[in-house]
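For the sequence shown, our numbering begins at 1 and goes up steadily by one.
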Amino acid sequence: MDMQPAVGRGLPVVSYEQLFEHYKDKIFSFAWKILRSKTDTEEAVQETFLKLYVNFERLDPAGSISSLIFTTTKNICIDMLRKRKTKLTLSHPLMKHEGWEDQVAEASRPEDALILKETAEHLLAAIDKLPKAYRQMVFQRYVLDMSMEEIVEMNQIKMNTVKSRLKRGRDLLRKQLDRGLT
1 MDMQPAVGRG LPVVSYEQLF EHYKDKIFSF AWKILRSKTD TEEAVQETFL KLYVNFERLD
61 PAGSISSLIF TTTKNICIDM LRKRKTKLTL SHPLMKHEGW EDQVAEASRP EDALILKETA
121 EHLLAAIDKL PKAYRQMVFQ RYVLDMSMEE IVEMNQIKMN TVKSRLKRGR DLLRKQLDRG
181 LT
């Protein structure tokens, strides 16, 4: 990068254009490693340089501009990942047996639809791995959206048994999903 010494301070003076040209490919590569999406990566690079442009006059020439740029990019990428990630819980509308395909179809971006569909399939597969007694209770309650009373009546068991099996089933499911995500 071509730098010119500042008069009286001995600090290099760099234009915004020089910073952009010097860091654009490095930032793109860095963001790509985090996001793995060309569109999101391009958006992260744009947002990074927009923030840099808006705050360019306030930059400290004695500070590490490189650290600032990479930290800004990292934070932007993390924010994008948080927005992209959809958490699916047992009370999520997708877990209602009917209609989850409709919600996937209504997702605003194709990536969101795919994430919702894969997450729902992942959760259903995890439920299938539960021991039979817990699997049945969790499936009836959270996928079929049956009330506790309906579960008691259908399975001809006591309410406390249903409650304890649901609690244990949720705990096992949570452990299973935590192991699968890490």
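Think of the CB as a built atom: it goes at the ideal place given N, C-alpha and C, for glycine as much as any other residue.
(1) Can Ile151 and Val162 be called in contact, C-beta distance under 8 Å?
(2) Helix or strand or just coil, what does DSSP make of Gln46?
(3) For Val54, count neighbouring Cβ atoms within 10 angstroms of its own Cβ and tell me buried if that reaches 16, exposed if not.
(4) Using CA atoms only, rank isn't needed, just tell me which of Ile78, Thr73, Asn155, Arg165 is closest to Arg49.
(5) Go through its chain and collect everything with a Cβ distance to Asp178's Cβ below 8 Å, but skip five positions before and after it.
(6) Which ranges would you report for the alpha helix (DSSP H) in the region 20 to 79 if only whole runs of at least 4 residues count?
(7) Using DSSP with H/G/I as helix, E/B as strand and the rest coil, what is Met146?
(8) Grab me the residues of Ile69's own chain with a C-beta within less than 8 Å of its C-beta, minus the 5 sequence neighbours each way, in chain order.
(9) Using the C-alpha atoms, what's the distance from Ile34 back to Glu149?
(10) Can you give me the start and stop residues for the alpha helix (DSSP H) that Lys132 sits inside?
(11) Given a threshold of 16 other Cβ atoms within 10 Å of its Cβ, counted over all protein chains shown, does Ala120 qualify as buried or as exposed?
On the basis of the coordinates in this document:
(1) Contact: yes.
(2) Assignment of Gln46 by DSSP, reduced to helix, strand and coil, places it in the helix class.
(3) Only exposed fits Val54, as fewer than 16 other CB atoms lie within 10 angstroms of its CB.
(4) A quick correction: the sequence has Phe, not Arg, at residue 49. The residue with the shortest Cα to Cα distance from Phe49 is Thr73.
(5) Residues of the same chain with a CB within less than 8 Å of the CB of Asp178, apart from the 5 flanking positions on each side, do not exist.
(6) Here the runs fully enclosed are 38 to 54.
(7) In the structure shown, Met146 sits in coil (DSSP, three-state: anything other than H, G, I, E or B).
(8) So the qualifying residues of the chain are Leu19, Tyr23, Ile27, Thr48, Leu52.
(9) About 47 Å.
(10) Where Lys132 is concerned, the enclosing alpha helix (DSSP H) stretches over 132 to 138.
(11) Around the C-beta of Ala120, 16 or more other C-beta atoms lie within 10 Å, and the residue is accordingly described as buried.
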